[in-house]
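These notes concern the structure reproduced below.
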Amino acid sequence: MKNYQATLLSVAGFVIATKTMNGTLSNYITFSGVLNEMAVTLFAIMLSMIGLLSIDYKKLIKSLF
Numbered sequence: 000m001k002n003y004q005a006t007l008l009s010v011a012g013f014v015i016a017t018k019t020m021n022g023t024l025s026n027y028i029t030f031s032g033v034l035n036e037m038a039v040t041l042f043a044i045m046l047s048m049i050g051l052l053s054i055d056y057k058k059l060i061k062s063l064f
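Residue numbers (numbering that gives the first Met the number 0): 0 to 64.
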C-alpha cells in the first residue's frame, strides 16, 4: 500500500469515527441500536489505526528531507 493510500485510509477512519460519536452520521444512516453505533465507531477507529500502522515512515522521512 502506498503512503497516500494509507494516509487517506486513516483520515477516513477518523472522520467516520468522529462523525459517529458526534451523532452527525445518524442523520444519514439509521442505526437499529446504540450497540450498532458503537460497533461502527470501534471499526472506524480500528480502520484508522491499521492505516497509521501501514505507513512506511522511513520512505516518508526520506522523501521529506
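All residues carry an ideal CB built from backbone N, CA and C; glycine is no exception.
Going along the chain, which residues of its own chain have a beta-carbon closer than 6 Å to the beta-carbon of residue i, five neighbours each way excluded?
| i | result |
| --- | --- |
| Leu8 | Gly50 |
| Leu24 | Lys18 |
| Ala5 | Gly50, Ser53 and Ile54 |
Kindly indicate which residue of the options has the alpha-carbon position closest to the one of residue i.
| i | options | result |
| --- | --- | --- |
| Ala11 | Ser53, Ile44 and Leu63 | Ile44 |
Look at residue i and residue j and say whether their C-beta atoms are less than 9 Å apart.
| i | j | result |
| --- | --- | --- |
| Met20 | Ser53 | no |
| Asn2 | Leu59 | yes |
| Ile15 | Val39 | yes |
Quick one: what's got a C-beta closer than 8 Å to residue i's C-beta in the same chain, skipping five residues either side?
| i | result |
| --- | --- |
| Tyr27 | none |
What does a CB cutoff of less than 7 Å around residue i pick up in its chain, not counting 5 residues either side in sequence?
| i | result |
| --- | --- |
| Phe13 | Ser47 |
Looking at the C-beta of residue i, does it have a partner C-beta in chain C at a distance below 9 Å?
| i | result |
| --- | --- |
| Lys61 | Absent from the structure: chain C. Only one protein chain is present. |
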